[in-house]
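Q: Chains as they are written, first to last, in the numbering used here: chain W, 7 to 249; chain C, 63 to 174. Glycine is no exception: its CB is placed at the ideal position from the N, C-alpha and C atoms. Values in this document were obtained by computation on a predicted structure and should not be read as measured data.
Here it is as structure tokens:
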């Protein structure tokens, strides 16, 4: 406790020292952000500059990020690996109104996710945000339907393939960029019209690859943790319930 | 003249750090780490903010906009945070399976 207080005071002093060197809040004057804001729309015909920064100008960073995501999901899958056992769904949603409303909410959330992905380079959104919304729709199936529905909707091996496909497609699109645009992750498609779905060149492809990877990765994570929560048939008695 | 957003970022970071240092539960520790990382989101977004500027979404015309690079970095930051927390929680589950505890000090006693 005393140690933390001393270290905290030292850290506070360092932070204060660093803050003094920063420009006043609201007086941004670095060239890189301003340059991107100025050239992104004329050069790439994309209206969402954050999206185009993620998938085009800083595409290599995003590639690294995709593989962080991929590696950690592989790590979780390995850590939570269990012996193949019969699993009993220890939970069940019995309320009909909740199931009915839930089904509507699942469809709405799924469509919202697709929409956020599709217009990622036009309006706020993109593969990461939309992928999370899509994965949320799958998790909602579990919340309003129970594990049995969730499990029958999501066969495990295609899911892991989809995750690997998303990460692989991003890397391969980078090589296509070398062939057709002369640089890794270069933009190799026609630019189209700014503000429409046909714009920003090859960014839509990278955007969808990311959405597939993020969605599949999160659903794999949900599945792995839910699998732990589901008890083996032998250790579960209806009177006790789970745990 | 305002350094308040930067100070807020530092404060969130230190609060999370205190949680990590004093934590007696691996799940709690993972949540504190998320709080710590939230400080970096605030710092990044505060650095990119420009008075009187809007989001860097240009339609139909050009207008003063905040820095898109730090926003893209924050996006990366959030995704990495989520996946790392998933990994830590999986490790906590594995530790609990091995030692029957999520208290780091009790787990350390097992060491073997």
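Helix, strand or coil: how does DSSP classify residue 14(W) here?
A: Helix at residue 14(W).
Q: With a 10 Å radius around its C-beta and 16 neighbouring C-beta atoms as the bar for buried, classify residue 16(W) as buried or exposed.
A: Exposed is the call here.
Q: For chain W, check one thing: does any of its Cβ atoms lie closer than 8 angstroms to the Cβ of residue 76(C)?
A: Yes, residue 76(C) lies at the interface with chain W (some Cβ there is under 8 angstroms from its Cβ).
Q: Counting contacts by CB-CB distance shorter than 8 angstroms, is residue 249(W) in contact with chain C?
A: Unreliable placement is indicated for residue 249(W), whose pLDDT of 44 sits below 50; no coordinate value is reported for it.
Q: Check whether the stretch 108-128 of chain W touches the stretch 158-173 of chain W, counting contact only when three or more Cβ pairs, one atom from each stretch, lie closer than 8 angstroms.
A: The answer is no - the stretch 158-173 of chain W does not touch the stretch 108-128 of chain W, with fewer than three Cβ pairs under 8 angstroms.
Q: If you run the structure through DSSP and keep just helix, strand and coil, what is residue 43(W)?
A: DSSP places residue 43(W) in helix when its eight states are reduced to three.
Q: Given residue 59(W), which residues of its chain have a CB within under 8 angstroms of its CB, disregarding the five upstream and five downstream residues?
A: Cβ within range, chain order: 42, 46.
Q: Against residue 64(W), what residues of chain C qualify as contacts under a CB-to-CB distance less than 8 angstroms, listed in chain order?
A: Here the neighbours are 131, 134.
Q: Show which residues of chain W have a CB atom less than 7 angstroms away from the CB atom of residue 121(C).
A: Those are 53, 201, listed as they occur along chain W.
Q: Given a cut-off of 8 angstroms on the beta-carbon distance, is the pair residue 120(C) and residue 53(W) in contact?
A: Yes, they are a contact pair.
Q: Tell me which residue opens and which closes the alpha helix (DSSP H) that residue 71(W) is part of.
A: Taken as a continuous stretch (DSSP letters only), the alpha helix (DSSP H) holding residue 71(W) covers 65-85.
Q: Under 8 angstroms, with one C-beta from each stretch per pair, do the stretch 123-142 of chain W and the stretch 203-221 of chain W reach the 3-pair mark?
A: Short answer: they touch.
Q: Which residues, taken in chain order from the stretch 128-155 of chain W, show a beta carbon closer than 9 angstroms to some beta carbon of chain C?
A: Result list: 128, 129, 130, 132, 134, 135, 138.
Q: By Cβ distance below 6 angstroms, which residues in the same chain neighbour residue 249(W) in space, the five residues on each side in sequence not counted?
A: Note on residue 249(W): pLDDT 44, under 50, position unreliable in the model; the coordinate value appears next. Cβ neighbours of residue 249(W) beyond the five flanking positions: none.
Q: Quick check on DSSP: helix, strand or coil for residue 246(W)?
A: With a pLDDT of only 48 at residue 246(W), under 50, the local geometry of the prediction cannot be trusted, and the value read off the model is given with reservation. Note: residue 246(W) maps to coil in three-state DSSP.
Q: Does residue 87(C) have its Cβ less than 8 angstroms from a Cβ in chain W?
A: Output row for residue 87(C): interface = no.
Q: Look at the Cβ atom of residue 61(W), then the Cβ atom of residue 159(W), and state whether they are nearer than 8 angstroms.
A: Cβ distance not < 8 angstroms, so residue 61(W) and residue 159(W) don't count as in contact.
Q: Would you give the residue range spanned by the alpha helix (DSSP H) that residue 110(W) belongs to?
A: Where residue 110(W) is concerned, the enclosing alpha helix (DSSP H) stretches over 102-124.
Q: Looking at residue 145(C): is its Cβ nearer than 8 angstroms to the Cβ of residue 78(W)?
A: For residue 145(C) and residue 78(W), yes; Cβs fall inside 8 angstroms.
Q: Terminal residues of the continuous alpha helix (DSSP H) containing residue 139(C)?
A: Residues 130-161.
Q: Please report the distance separating the alpha-carbon of residue 247(W) from that of residue 98(C).
A: Here residue 247(W) scores only 48 on pLDDT, less than 50, and its place in the model is too uncertain to base an answer on.
Q: Step through the CB atoms of chain W and report whether any lies within less than 8 angstroms of the CB of residue 165(C).
A: It does not: the Cβ of residue 165(C) has no partner Cβ on chain W nearer than 8 angstroms.
Q: Between 105(W), 107(W), 188(W), 85(W), which lies nearest to residue 153(C) when the distance is taken from Cα to Cα?
A: Comparing Cα positions, the closest option is 85(W).
Q: Three or more C-beta pairs closer than 8 angstroms, one from the stretch 110-130 of chain C and one from the stretch 77-90 of chain C: is that the case here?
A: Taking 8 angstroms as the limit for Cβ pairs, the verdict is that the stretch 77-90 of chain C does not touch the stretch 110-130 of chain C.
Q: Under a three-way DSSP split, which group does residue 196(W) fall into?
A: Correct three-state label for residue 196(W): coil.
Q: Ordered along the chain, which non-local residues of its own chain (more than five positions away) have a Cβ less than 6 angstroms from that of residue 100(C)?
A: 74.
Q: Assess, as a yes-or-no matter, whether the stretch 63-70 of chain W is touched by the stretch 116-124 of chain W under the definition of 3 or more beta carbon pairs within less than 8 angstroms.
A: They do not touch, by the three-pair rule.
Q: Got a sec? Which residues, its chain only, sit under 8 angstroms from residue 63(W) by beta carbon, not counting five neighbours each side?
A: Excluding positions up to five away in sequence, the list reads 42, 46.
Q: Are the C-beta of residue 163(W) and some C-beta of chain D separated by less than 8 angstroms?
A: Here the protein chains are W and C, and chain D is not one of them.
Q: For residue 19(W), does the three-state DSSP call read helix, strand or coil?
A: Reduced to three states, the DSSP call for residue 19(W) is helix.
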